[in-house]
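Novice: Residue numbers for the sequence shown follow the UniProt record's numbering, so the first one is 1 and each next one is one higher.
The beta-carbon is built from N, C-alpha and C at its ideal position, and this holds for glycine as well.
The structure presented is a predicted model; accordingly, all values stated were derived computationally and were not measured.
This is the structure, below, for whatever I ask next.
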Amino acid sequence: MIKEMHSEWCHIGVRQMVYKICPYYTAKNLTDNIRKICKNCEICIRNKSRGQDRYGLMSHLGPATKPFQIMSIDTIGGFGGQRSTKKYLHLLVDHFTRYAYILTSKTQNATDFIKLVKMVLETDKIDMILTDQYPGINSKEFKEFLEGNDVKLVFTAVNTPFSNGLNERLNQTLVNKMRCKLNEKGEKKAWTSIARECINKYNETEHSVTGFAPAYLLEGKNTSTLPQELRREINRESWIRDRKTALERTITSHTYNKNLFDKNRKHHEFNIGDLVNIENGNKLNRKKLDNLRIGPFHIKKKFRTHYTR
């Protein structure tokens, strides 16, 4: 009866089911049975956007304790027509200092990403790069280039841009700065020129998490707005001390965000042979009434605690 009513009333939730049944029927463990049937309904699991259990706690890659230990790559598209034939802005960010490098191009090929990474490799050694699964980055050419330079490549899971959160947040910041500059007094500049101007200003602006400008943390550059003759010379000891402070603030910020993220989530370790439902592709590619999740599928291989196939 509970299953029939749940289906007849368009898969209503536990509380609404209690309102429909309990005033007129009674049975042992009735409320528990209602909850069990609603929570295990396959139709609800695959199609409801709210009220489902959320699994997986926030983890932390690193943290990076020195420049270029961990960097991440991302791409921003949709810039075509703004006084330039180029369409993409490729972004490379250092996790320790938050210093950012950019490259503008017409494509998202391996060649573009190689040029971007070379900006750092010409003077420094990169230990690890975190990235989404773009075809150009996942290409044989780019992987061989990184392997030849002893750079480890780590991919985020499919459809999880929040796994590369540092880049995603900077994407928004940079695009907002560019939009403001482009529409300021009707300035007629190519978006590529504005992008370079904005990234330079970003690198010399105090970061909201570390409290220091990326350019200062990376190379000890004085980014004060005072005239050059009034600026104090950077003391190496205080610079090293500020780097340690920046790391402590980064860890504190991550701990705070982790507590918020994990608040309504559960930890569960999946094993080979378990049945799971997975997200039905990217929401931008789904029709309004398509299943949100598809499955169930058997887990065939386990790479790490959080990564399975």
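#1: For the beta strand (DSSP E) holding I278, just list the boundary residues, first then last.
#2: Suppose the cutoff is 7 Å on Cβ atoms and the five residues either side in sequence are ignored; what does the same chain contact list for R231 look like?
#3: On a CA-only basis, which of N109, T26, G77 and A215 is nearest K201? Give me that one, please.
#4: In chain order, which alpha helix (DSSP H) runs of at least 4 residues are fully inside the UniProt domain "Integrase catalytic" (63–222)?
#5: Which residue wins for smallest C-alpha separation from L182, given the options L174, D53, Q133 and I194?
#6: Where does R35 fall in DSSP's three states?
#7: First and last residue of the beta strand (DSSP E) that includes F270?
#8: Rounded to the nearest angstrom, what separates E147 and M119 at their Cα positions?
#9: Express the C-alpha separation of L130 and R98 in angstroms, rounding to a whole number.
#10: Can you look up Y256 in the DSSP assignment and give me helix, strand or coil?
#11: Between L170 and N149, is the Cβ-Cβ spacing less than 7 Å?
#12: Can you give the Cα-Cα distance for L292 and D53, rounded to whole angstroms?
#13: Within 7 Å of any Cβ in chain B, is that where the Cβ of P23 sits?
#14: If you check the beta carbons only, do I73 and A64 fall under 7 Å apart?
#15: Mapping DSSP to helix, strand and coil, what is H6?
#16: Judging by CA-CA distance, which residue of N176, D132, D290 and K301 is the nearest neighbour of V276?
#17: Could you check the C-alpha separation between K189 and G81 for me, to the nearest Å?
#18: Between I45 and the rest of its own chain, which residues show a CB-CB distance below 7 Å, the 5 nearest in sequence each way excluded?
#19: Measure the CB-CB distance between residue 394 and A213 and report whether it falls below 7 Å.
Specialist: Looking at the atomic coordinates:
#1: For the purposes of this step, residue 278 is taken as the residue at position 278 of the sequence shown. From DSSP, the beta strand (DSSP E) with I278 extends over L275 to E279.
#2: Along the sequence shown, read from residue 1 onward, the residue named residue 231 stands at position 231. Cβ neighbours of R231 beyond the five flanking positions: N222 and S224.
#3: For this step, residue 201 is matched to residue 201 along the sequence shown. Considering only alpha carbons, the answer is A215.
#4: For the UniProt domain "Integrase catalytic" (63–222), whole alpha helix (DSSP H) runs of length 4 or above, ordered along the chain, are 110–121, 140–148, 165–182, 191–203 and 214–219.
#5: Reading the sequence shown from its first residue, position 182 is the one you call residue 182. Considering only alpha carbons, the answer is I194.
#6: Position 35 of the sequence shown, counted from the start, is the residue given in the question as residue 35. Annotated three-state conformation of R35 is helix, per DSSP.
#7: Counting from 1 along the sequence shown, the entry for residue 270 is found at position 270. F270 -> no beta strand (DSSP E), and no H or E assigned at all.
#8: Numbered from its first residue, the sequence shown carries residue 147 at position 147. Numbered from its first residue, the sequence shown carries residue 119 at position 119. Whole-angstrom Cα-Cα distance: 17 Å.
#9: In the sequence shown, counting from the first residue as 1, residue 98 sits at position 98. In the sequence shown, counting from the first residue as 1, residue 130 sits at position 130. Taking the straight line joining both Cα atoms gives about 14 Å.
#10: Taking the sequence shown and counting its residues from 1, one reaches residue 256 at position 256. DSSP places Y256 in helix when its eight states are reduced to three.
#11: Translated into the one-based positions of the sequence shown, residue 170 becomes position 170. Translated into the one-based positions of the sequence shown, residue 149 becomes position 149. In this structure, the beta-carbon distance from L170 to N149 does not fall below 7 Å.
#12: Working through the sequence shown from its first residue, we reach residue 292 at position 292. Working through the sequence shown from its first residue, we reach residue 53 at position 53. Using only the alpha carbons, I get a separation of about 14 Å.
#13: The chain inventory of the structure shown lacks chain B, comprising one protein chain alone.
#14: Here residue 73 is taken as the residue at index 73 of the sequence shown, counted from 1. Here residue 64 is taken as the residue at index 64 of the sequence shown, counted from 1. No, the Cβ-Cβ distance between I73 and A64 is not below 7 Å.
#15: Walking along the sequence shown from the start, residue 6 turns up at place 6. Here H6 sits in helix by DSSP.
#16: As a working note, residue 276 is residue 276 in the sequence shown. Of the candidates N176, D132, D290 and K301, K301 places its Cα closest to the Cα of V276.
#17: To locate residue 189, count along the sequence shown from 1; it is residue 189. To locate residue 81, count along the sequence shown from 1; it is residue 81. Rounded to whole angstroms, K189 and G81 show a C-alpha spacing of 12 Å.
#18: Counting from one through the sequence shown, the residue named residue 45 turns up at place 45. Non-local C-beta neighbours of I45 in its own chain, meaning closer than 7 Å and more than five positions away in sequence, comprise Q52, N277 and R293, ordered along the chain.
#19: The structure shown has nothing for residue 394, since the chain only spans 1 to 309.
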